[in-house]
Amino acid sequence: MSSSIYLSSKNVFLDTVNAKDYIQLDRVSTIYQSLKDSIKKPLKMILLYGRPGTGKSMFLSKLYTDLSSSQIVHLYKTPILDESEFYKTLAQDIFSIKYSGELNFTQFMKVVNSTKFDSIPVVLLDEAQLYSDVLMEKIRLLSDTRTVKFVITLHKTEKEDLIAKEHFQTRIWESVELENASSSELKMYIQKKLMKDNCFDSANMFNSKNVNKIHKLTNGNYRDTNKLIYTLFDLYCTYEEKQQLSNINTNQISSKLIEMAAIHTGLINA
């Protein structure tokens, strides 16, 4: 294949979060539908959690896209860590009230308690583990008013069970966990991403054997897989330019180049 095809295939795996890049897999789609259905329930707060790279930010972006045509919904991809700025942003976005000075929690709660919506606004907070305990407590109190519904994402770590944290014991009414892909899911994910951008020849290069190798290196993590395959096709571009593909079967993914890409991305040591 030509370097232009490798370049197009490489760009499919850019590390970006865009709802249009959402890939439907049976298990993932079932989880997403469960999350979407939860929005319709009288829940005060919904938790979406999982290890980094399992697709939490993508879920929020797709949720925002799907809901924005039918109800008030706001997505905050980057945490607003200053309390006053957080309240001022919500006041302007949800209640159309602009504050030039400081806004404290008591003042903001007066606005919240004096407003009723036919359809409860939904606030999507990504990377909520970055918020302070104090601000998370305020978000809990806001959710108790039932004037605003929060969907928050959090990283799950090896050292702690997020569900057991005091923050969420009484406020989280529903939680959704995202996990890494199985080897068969990863194969489908890779092929669907490529076919979605009309990279059919590249999609056919991935068979169960080389995807199993990729899965072993990434443990099925979507973010690590994207980085690995981006680097993999970058290597193909480089080799094509240097005309060093004579000893490589370009109809399938080279095991040697997979290992090289893994080294480049830090998944294995040189």
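Just so you know, we're using the numbering used here here: the sequence shown kicks off at 3 and counts up by one. The C-beta atom is built at its ideal place from N, Cα and C for all residues, glycine as well. As the structure is a computational prediction, the values presented were derived from the model and not from experiment.
Self-check item: serine 59 - containing beta strand (DSSP E), residue span
Solution: Mapped onto the sequence shown, residue 59 falls at position 57. Here serine 59 belongs to no beta strand (DSSP E); instead the alpha helix (DSSP H) covers 58-69.
Quiz item: Whose C-alpha, out of Lys90, Lys211, Gly268, is nearest the C-alpha of leucine 105?
Solution: Counting from 1 along the sequence shown, the entry for residue 105 is found at position 103. Per the Cα distances, Lys90.
Quiz item: In terms of residue numbering, what span does the beta strand (DSSP E) encompassing methionine 47 cover?
Solution: Translated into the one-based positions of the sequence shown, residue 47 becomes position 45. Per DSSP, methionine 47 belongs to the beta strand (DSSP E) from 47-52.
Quiz item: Just the Cα atoms here: how many angstroms apart are asparagine 220 and valine 14?
Solution: Position 218 of the sequence shown, counted from the start, is the residue given in the question as residue 220. Position 12 of the sequence shown, counted from the start, is the residue given in the question as residue 14. The sequence as given places threonine at residue 220; asparagine does not occur at that position. Going by the C-alpha atoms only, they are around 18 Å apart.
Quiz item: Exposed or buried, what is serine 256 when buried is set at 16 or more other beta-carbons lying within 10 Å of its beta-carbon?
Solution: In the sequence shown, the residue the question calls residue 256 occupies position 254. Counting Cβ neighbours within 10 Å, serine 256 comes out buried, since at least 16 surround it.
Self-check item: Residues that DSSP places opposite threonine 154 in a beta bridge
Solution: Your numbering for residue 154 matches position 152 in the sequence shown. Note on residue identity: the sequence assigns isoleucine, not threonine, to residue 154. DSSP lists Leu49, Leu127 as partners of isoleucine 154.
Quiz item: Which value, in whole angstroms, describes the spacing of the CA atoms of tyrosine 66 and lysine 42?
Solution: Start at 1 with the first residue of the sequence shown, and residue 66 comes out as number 64. Start at 1 with the first residue of the sequence shown, and residue 42 comes out as number 40. When rounded, the distance between both Cα atoms is 14 Å.
Quiz prompt | Cα-Cα separation, alanine 205 to tyrosine 238 | solution = Counted from its first residue, the sequence shown places residue 205 at position 203. Counted from its first residue, the sequence shown places residue 238 at position 236. A direct Cα-to-Cα measurement between alanine 205 and tyrosine 238 gives close to 14 Å.
Practice problem: Go ahead and label leucine 259 buried or exposed: buried means 16 or more other beta carbons lie within 10 angstroms of its beta carbon, across all protein chains shown. | Solution: Stepping through the sequence shown from its first residue, residue 259 is reached at position 257. For leucine 259, the number of other beta carbons within 10 angstroms of its own is at least 16, and it is reported as buried.
Exercise. May I have the straight-line CA-CA distance separating proline 54 from serine 185, to the nearest angstrom?
Key: Taking the first residue of the sequence shown as 1, we reach residue 54 at position 52. Taking the first residue of the sequence shown as 1, we reach residue 185 at position 183. Distance between the alpha carbons of proline 54 and serine 185 is about 18 Å.
Practice problem: Could you check what DSSP says for serine 31 in three-state terms: helix, strand or coil? | Solution: In the sequence shown, the residue the question calls residue 31 occupies position 29. Three-state DSSP puts serine 31 in a helix.
Self-check item: C-beta contact flag for serine 182 and threonine 56 at 9 Å
Solution: Within the sequence shown, numbered from 1, the residue matching residue 182 stands at position 180. Within the sequence shown, numbered from 1, the residue matching residue 56 stands at position 54. The amino acid occupying residue 182 in the given sequence is asparagine; serine does not appear at that position. For asparagine 182 and threonine 56, yes; Cβs fall inside 9 Å.
Quiz item: How close, in whole Å, do the beta carbons of leucine 49 and leucine 127 come, if the pair is a contact with beta carbons under 8 Å?
Solution: Locating residue 49 in the sequence shown gives position 47, where the first residue counts as 1. Locating residue 127 in the sequence shown gives position 125, where the first residue counts as 1. The C-beta distance from leucine 49 to leucine 127 rounds to 10 Å, too long to meet the 8 Å contact threshold.
Quiz prompt | tyrosine 78: first and last residue of the uninterrupted beta strand (DSSP E) it sits in | solution = Position 76 of the sequence shown holds residue 78. Taken as a continuous stretch (DSSP letters only), the beta strand (DSSP E) holding tyrosine 78 covers 75-78.
Exercise. Per DSSP, which residues does glutamate 179 bridge with? Please list them.
Key: For the purposes of this step, residue 179 is taken as the residue at position 177 of the sequence shown. Paired residues: Tyr51.
Quiz item: By a C-beta neighbour count over all protein chains shown, 10 Å radius and 16 as the cutoff for buried, is glutamate 187 buried or exposed?
Solution: As a first step, residue 187 is located in the sequence shown; it is residue number 185 there, counting from the start. It is buried - the Cβ of glutamate 187 has at least 16 other Cβ atoms within 10 Å.
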